[in-house]
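Residue numbers (this note's numbering): 21 to 346. All residues carry an ideal CB built from backbone N, CA and C; glycine is no exception.
Right under this line is the structure:
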């Protein structure tokens, strides 16, 4: 699947502002800096490779400064849309809904309960633990800085969780939240419910509508839009049936199948590709095959193992062994 590298473009532009050479960071990943600047769609595999190269060469603590320096306009049409949302809650909800349209590496799920809100993140495609940590950290730092700039108030991030093990120096994370934990099943952030109601001073209803029209025209031209929405749905809701997917996406089963067909894909193919990509992410996190099979909707562990061999050409145990030996 091809995605627009707008988030990656913003990260590289920010790195350039900090005196780093994006071309050197990208290295021999197979994607040029010029292609990324032009927002030319690239494959998920290529984007994952670029992030792996960048993270390997960027300073260890750069994720925080990168996120704090990011500009909403680097997010293209979505950035201008977000800056005109009426409240912080609308901003976060719009980011969750539309971030896939700009090739964001993470799927976000926003839930509100009692006096707290919680956002959980899932990678859209397999990423190294360090790349995932970078994307989560820079995203949270970007949220905090954008909310401060737009509303004049600091957003209260009470708890943050990362799926990677604790680094040797984790004190810098305390700049984001009062409580930081590592080794979680999925990255997350929790904050105060009252922050979601804070008004955004720059909000303009007319500009928001103009941005909405601009976004819809721009994104409707992207061949992967319905496919991307289905990928995002799997990331947020888990594996769902075609009938449930069509309900969540607000269209009939026939319309969903027709739109997917027009994009050169289908429900079964998207589901299989999602399972493949998500399985690699979960294996990288150390999950056992039985729990992965359950999460991905397989009837038995053996069914998942057969599918995995079909995807990769090797067994789960062989794949783990190859990863350990690298």
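At least three beta-carbon pairs within less than 8 angstroms, the region 73–90 to the region 26–33 = Contact between the region 73–90 and the region 26–33 is present: 3 or more CB-CB pairs across the two stretches fall below 8 angstroms.
message = According to DSSP, simplified to helix, strand and coil, what is residue 25?
response = Here residue 25 sits in coil by DSSP.
key: Separation of residue 99 from residue 312, as counted between CA atoms   = The alpha-carbon separation between residue 312 and residue 99 amounts to approximately 35 angstroms.
ask   = Beta carbon of residue 152, beta carbon of residue 183: below 8 angstroms?
value = Contact: yes.
ask   = Is residue 145 closer than 8 angstroms to residue 75 when the C-beta atoms are compared?
value = Against a cut-off of 8 angstroms, the Cβ pair of residue 145 and residue 75 comes out as no contact.
task = Identify, in the order they occur along the chain, each residue of the same chain with its Cβ nearer than 8 angstroms to the Cβ of residue 178, setting aside the five sequence neighbours on each side.
result = So the list reads 136, 197, 198, 199, 210, 211, 212, once near-sequence residues are dropped.
query = Given residue 305, which residues of its chain have a CB within under 6 angstroms of its CB, disregarding the five upstream and five downstream residues?
reply = Excluding positions up to five away in sequence, the list reads 183.
message = Taking the straight line between their C-alpha atoms, what separation do you get for residue 230 and residue 97?
response = Rounded to whole angstroms, the separation of the alpha carbons of residue 97 and residue 230 is 10 angstroms.
task = Determine the extent of the beta strand (DSSP E) in which residue 141 is found, giving its start and end residues.
result = Where residue 141 is concerned, the enclosing beta strand (DSSP E) starts and stops at 136–143.
task = Leaving out five residues on either side along the sequence, give the residues of the same chain with a beta carbon under 7 angstroms from the beta carbon of residue 150.
result = These residues qualify, in order along the chain: 75.
query = Excluding five sequence neighbours on each side, which residues of the same chain lie with their C-beta closer than 7 angstroms to the C-beta of residue 172?
reply = Answer for residue 172: 221, listed in chain order.
request  = Could you tell me which uninterrupted alpha helix (DSSP H) segments, each at least 4 residues in length, are contained entirely in the region 179–263, listed from first to last along the chain?
outcome  = Within the region 179–263, the complete alpha helix (DSSP H) runs of at least 4 residues are 225–240, 245–257.
Straight-line Cα distance separating residue 318 from residue 244 = Confidence at residue 244 is low in this model, with a pLDDT of 47, below 50, so its placement is unreliable and the value that follows should be read with caution. C-alpha separation (whole angstroms): 26 angstroms.
Cross-strand partners of residue 107 (DSSP beta bridge) = Per DSSP, the beta bridge partners of residue 107 are 219.
ask   = Buried or exposed: where does residue 224 fall if 16 or more other Cβ atoms within 10 Å of its Cβ makes it buried?
value = Answer is exposed; the Cβ neighbour count stays below 16.
ask   = Does DSSP put residue 162 in a helix, a strand or coil?
value = Correct three-state label for residue 162: helix.
C-alpha distance - residue 346 paired with residue 80, whole-angstrom precision = Interpretation of residue 346 is limited by its pLDDT of 37, a score under 50 that renders its predicted location unreliable; the figure taken from the coordinates is listed afterwards. A direct Cα-Cα distance of roughly 21 angstroms separates residue 346 from residue 80.
inquiry  = Please tell me whether residue 256 and residue 129 are closer than 8 angstroms, where the distance is taken between their beta carbons.
reply    = For residue 256 and residue 129, yes; Cβs fall inside 8 angstroms.
inquiry  = Less than 8 angstroms between the C-beta atoms of residue 340 and residue 316, yes or no?
reply    = Contact: no.
query = Applying the criterion that 16 or more other CB atoms from any shown protein chain within 10 Å of the CB defines a buried residue, is residue 215 buried or exposed?
reply = Here residue 215 is buried, its C-beta having at least 16 other C-beta atoms within 10 Å.
ask   = Roughly how many whole angstroms lie between the Cα atoms of residue 157 and residue 260?
value = Straight through space, the alpha carbons of residue 260 and residue 157 are spaced by roughly 29 angstroms.
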